[in-house]
Amino acid sequence: MKPLSKFESLAQQLVEGSFNRLLGREMAELDIATRLARAVEDTQEGREAAIFYKIRLSTTDWADVTTQNPDLAESLADYILMLSQRGGLTLAEHPQVILIADPALSRYQVRINAQHQSREAGYTTELRPSAAIADEIMAAITAVDAYLIIEGRRHVPLNRPLINIGRRTDNDIVLDTAVISRYHAQIRWRYGRFVLYDLSNRDGRTLVNGQPVKESVLQSGDVITLSNIPLIYGEGQTAQRVRPSGDTVISKR
Numbered sequence: 085m086k087p088l089s090k091f092e093s094l095a096q097q098l099v100e101g102s103f104n105r106l107l108g109r110e111m112a113e114l115d116i117a118t119r120l121a122r123a124v125e126d127t128q129e130g131r132e133a134a135i136f137y138k139i140r141l142s143t144t145d146w147a148d149v150t151t152q153n154p155d156l157a158e159s160l161a162d163y164i165l166m167l168s169q170r171g172g173l174t175l176a177e178h179p180q181v182i183l184i185a186d187p188a189l190s191r192y193q194v195r196i197n198a199q200h201q202s203r204e205a206g207y208t209t210e211l212r213p214s215a216a217i218a219d220e221i222m223a224a225i226t227a228v229d230a231y232l233i234i235e236g237r238r239h240v241p242l243n244r245p246l247i248n249i250g251r252r253t254d255n256d257i258v259l260d261t262a263v264i265s266r267y268h269a270q271i272r273w274r275y276g277r278f279v280l281y282d283l284s285n286r287d288g289r290t291l292v293n294g295q296p297v298k299e300s301v302l303q304s305g306d307v308i309t310l311s312n313i314p315l316i317y318g319e320g321q322t323a324q325r326v327r328p329s330g331d332t333v334i335s336k337r
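Read the sequence shown against the numbering used here and you will find it ends at 337, with the numbers running on by one and no gaps.
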């Protein structure tokens, strides 16, 4: 059996961990996570990863995956971002993914085209310039000025579009206690709001204001409970608040 490449091994770790629930069963059957890992590895230029990905699926598979997960293209873009970062690659811009129904493909066939420049292969007609999109996203995140207060002590600014929370040390926010899952939750920027996703695969382990959730758009003042760990979500005036024990900085990888 051919050994897994570095990026295929990273893909396996991500799919078994924080992206398991978000990508879903249909994506596992198509093995798109591994195929994308190969595309990232095969098309890197020096230490820079490609930023534009066209994924062609059969019309049946395309209908299945997009119906089950309307935000799949964005989830895959986040997956490519994390895969590249953990693989030691840089990205000139936030990755962009397009899912295309191709009647020439049979069920379970997948074709992936990865490129570095927006001017190639007609991307300029299909996408806005991704640098402008990335700038807008970061400007919007900065304007919201969101943060978490963990157990009433730790202040964590939410200053990136994707934050993983869990017990393992490769999470962005590490909660080192046995009651927290290895990859417990994820906070993602979606349509101008931060959205909390439960990744624990166990009912009742992720609550917002006392109610179990699988996905929840966060509002300032929401109380998130991960197992028995309370986190308060807030927005605005971060610089003016008294912080009981200093900021916790999200790790950069």
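Here a beta-carbon is modelled for each residue, glycine too, at the ideal position from N, C-alpha and C.
Computed from a prediction, not measured in an experiment: that's the story for all the values here.
- Cα atoms of S168 and R131: separation of roughly 10 Å, rounded to the nearest angstrom.
- Here DSSP, grouped into helix, strand and coil, assigns A224 to helix.
- Around the beta-carbon of S300, 16 or more other beta-carbon atoms lie within 10 Å, marking it buried.
- Taking 7 Å as the cut-off, the Cβ atoms of G305 and D229 do not count as close.
- Per the coordinates, the alpha-carbon of R195 lies some 6 Å from the alpha-carbon of I139.
- Residue range E299 to V301 is occupied by the beta strand (DSSP E) that includes S300.
- In the displayed model, A176 falls within coil according to three-state DSSP, outside both helix and strand.
- Around the beta-carbon of N312, fewer than 16 other beta-carbon atoms lie within 10 Å, marking it exposed.
- Per DSSP, the continuous beta strand (DSSP E) segment holding L246 begins and ends at L246 to G250.
- Here V307 is exposed, its C-beta having fewer than 16 other C-beta atoms within 10 Å.
- In the pairwise beta carbon analysis, the region 238-251 is classified as touching the region 267-281: at least three pairs are separated by under 8 Å.
- Remark: C-beta atoms of A123 and H200 do not approach each other more closely than 7 Å.
- Under the Cβ criterion (8 Å, minimum of three pairs), the region 226-241 does not count as touching the region 162-177.
- The beta-bridge partner set that DSSP reports for A185 consists of L141.
- Residue environment for Y163: buried (at least 16 other C-beta atoms within 10 angstroms of its C-beta).
- Residue T309 holds the alpha-carbon nearest to the alpha-carbon of G288 among L259, T309 and R238.
- Counted as a single uninterrupted DSSP element, the beta strand (DSSP E) harbouring L291 occupies residues T290 to V292.
- Straight-line spacing of the CA atoms in I257 and N293 works out to 20 Å.
- CA-CA distance, D155 to L242, rounds to 21 Å.
- A straight-line Cα-Cα distance of about 16 Å links P187 and T150.
- Going by DSSP, E319 is part of the beta strand (DSSP E) stretching over I313 to E319.
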